[in-house]
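Beneath this line is the structure, given in structure tokens, with notes to follow.
Numbering (my numbering), first residue to last: -10 to 436.
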């Protein structure tokens, strides 16, 4: 209104028509702003009345007729009659109703040494030593489950050559005894090779799409489940844990959309045969939050939430949004790949996995513990991308840079009383002891 009043005074000398129009707009804007302020006041009264420990504020329509006259003034309320102030939350991370099922701790399964490298297009030779160094760095960053390789034919997946040497080395390290190193095995022959290196956990895989199963394993879904059953039975007899993978749970490069009931059926079969956990994979990254919710609704009708994990690819940039939906359903295990490395050799259009750095940053923003050092994770992403001459796809790692990183931390108390640590991004201004007024102008602008 003040701005239009200024314009009206400027136009008054030139023509009465703009002056009339501005006068009309000024009065109209005042009416609109008045109604907006009134509605905001009413909504704020309603919100304050619903807060715990706060008294209900009287509305304008609930006052008696004698108090509605302009001459009457409300009596001053005594301190005892005033509504109590709402109790401040114990943590800045106050979850809304939809976030109540988000777990307090999420286990991240790092898949870059296997799924991240198996379809990588690079002229750089990926040696056994490079894979071992990558696995060591990931373990020292706090990751406690790393998919280290696959016992498949090097003819079909050349990048997995030398997986037996990698696993034999990392399994012999006493300092890595607390880290799980699952390996992918397609059949009993692959399991026998894995047992020779002292494997403690393997992974079997199938798909919710008949066409993709034919392209990937050259058999039907029923035949692939039969192969998985043979592996599970023999692995359990040797005391080896088995994890299951279901590919194309949200879309197939050959069939398109996949029905949630098909995903639930395959998941139920894998759990029934003895898999301790099933990872639901969006192999080509076409999932959305809506399709993710529909799929999980169907799967959770046949499987408990503590037996499920999610595995998202970020082809269309929706991986983190899908992950947020999965967290709201109580999923507490997430597959990811450092630097966003990944892809499937049998899925057209499949891009890299969701970056572990981005997942860790999302989780810490929700107040969820992961046990991972985000600074080291970003350093690993820059390192492996440079070594492989591959694009670095983590948005968090790109923002952190190669030198600053997430080196500052902040401790806070969550809503359940747990003391947690949050890593602060380098883009937040930091005061320095040698120059306390360096960011004074920022404070003035914010105020």
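For glycine and all other residues, C-beta sits at the position ideal for the given N, C-alpha and C. Source: prediction; values computed, not measured.
- When secondary structure is reduced to three states using DSSP, residue 208 falls in the coil class, being assigned neither helix nor strand.
- Within the DSSP bridge table, the entry for residue 361 names no partner.
- The beta carbon of residue 257 lies closer than 7 Å to those of 291 and 292 in the same chain, with the five residues before and after it left out.
- Straight through space, the alpha carbons of residue 349 and residue 387 are spaced by roughly 14 Å.
- Going by DSSP, residue 350 is part of the alpha helix (DSSP H) stretching over 345 to 354.
- Each of 196, 365 and 279 was checked against the Cα of residue 272, and the nearest Cα belongs to 196.
- Secondary structure note for residue 124: its alpha helix (DSSP H) is the uninterrupted segment 117 to 129.
- For residue 190, there is no enclosing alpha helix (DSSP H); the enclosing beta strand (DSSP E) has its first and last residue at 190 to 196.
- Shown here for residue 300: same chain residues with a beta carbon closer than 6 Å to its own, the five before and five after excluded, namely 268, 270 and 324 in chain order.
- The three-state secondary structure of residue 246, taken from DSSP, is coil.
- At the C-beta level, residue 139 and residue 173 come within 8 Å of one another.
- Shortest Cα-Cα distance from residue 121 to any of 165, 96, 155 and 145 involves 155.
- Shortest Cα-Cα distance from residue 369 to any of 168, 125, 264 and 118 involves 125.
- By the Cβ criterion, the region 305 to 316 is in contact with the region 276 to 283, since at least three pairs of Cβ atoms, one from each stretch, lie closer than 8 Å.
- In this structure, residue 288 lies away from residue 231, with their beta-carbon atoms at least 8 Å apart.
- In terms of CA proximity to residue 127, 345 leads the group 189, 345, 357 and 381.
- The beta-bridge partner set that DSSP reports for residue 94 consists of 358.
- Considering only 99, 193 and 297, the residue with the shortest C-alpha distance to residue 131 is 99.
- When the five nearest sequence neighbours on each side are left out, the beta carbons in the same chain lying within less than 6 Å of the beta carbon of residue 96 are those of 322, in order along the chain.
- For residue 273, the secondary structure class from DSSP, reduced to helix, strand or coil, is coil.
- A residue is called buried once 16 or more other Cβ atoms fall within 10 Å of its Cβ, and residue 114, having fewer, is exposed.
- Beta-bridge partners of residue 382 (DSSP): none assigned.
- Within the region 211 to 238, complete beta strand (DSSP E) segments of at least 3 residues are found at 230 to 236, given in chain order.
- Per DSSP, residue 324 is not a residue of any alpha helix (DSSP H); the beta strand (DSSP E) it occupies stretches across 322 to 325.
- Apart from the 5 residues on each side of it in sequence, residue 104 sits with its Cβ closer than 7 Å to the Cβ of 136, 326, 331 and 342 in its chain, given in chain order.
- Looking at the DSSP output, residue 99 shares a beta bridge with 135 and 325.
- It is roughly 16 Å from the alpha-carbon of residue 226 to the alpha-carbon of residue 182.
- For residue 310, the uninterrupted alpha helix (DSSP H) segment begins and ends at 308 to 317.
- Minimum Cα-Cα distance from residue 148 among the listed residues 320, 389 and 109 corresponds to 109.
- Taking the CA atoms as reference points, residue 200 sits about 16 Å from residue 254.
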